[in-house]
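*Asks:* Residue numbering for the sequence shown follows my numbering, beginning at 14 and increasing consecutively. Backbone N, C-alpha and C fix where the C-beta goes; we use that ideal spot for every residue, glycine too.
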Amino acid sequence: MTIKLIAIDIDGTLVNSKHEITPFTKDAIQEARDRGIKVVLCTGRPFLGANRCR
């Protein structure tokens, strides 16, 4: 099976308790993107709250 897309929740998954994305997570996301995998956010946050996660 080929992975084409990864959907990541923000709170408690993408960001830690300090509301930071760790270097390990950033590297993993970049590796997925380098392999042609689309990475998207899925969240219950309002748009403006999610938009800050860049």
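Please report how far the alpha carbon of Ala41 lies from the alpha carbon of Asp47, in whole angstroms.
*Replies:* Using only the alpha carbons, I get a separation of about 10 Å.
*Asks:* Helix, strand or coil for Ile16? Go by DSSP, reduced to three states.
*Replies:* In the structure shown, Ile16 sits in coil (DSSP, three-state: anything other than H, G, I, E or B).
*Asks:* What is the DSSP secondary structure of Ile42, counted as helix, strand or coil?
*Replies:* Reduced to three states, the DSSP call for Ile42 is helix.
*Asks:* Over what stretch of residues does the beta strand (DSSP E) that includes Val28 continue unbroken?
*Replies:* Where Val28 is concerned, there is no enclosing beta strand (DSSP E), given that its DSSP letter is neither H nor E.
*Asks:* Return the CA-CA distance between Leu27 and Ile19, expressed in angstroms with no decimal places.
*Replies:* If I take the Cα positions, the gap works out to 12 Å.
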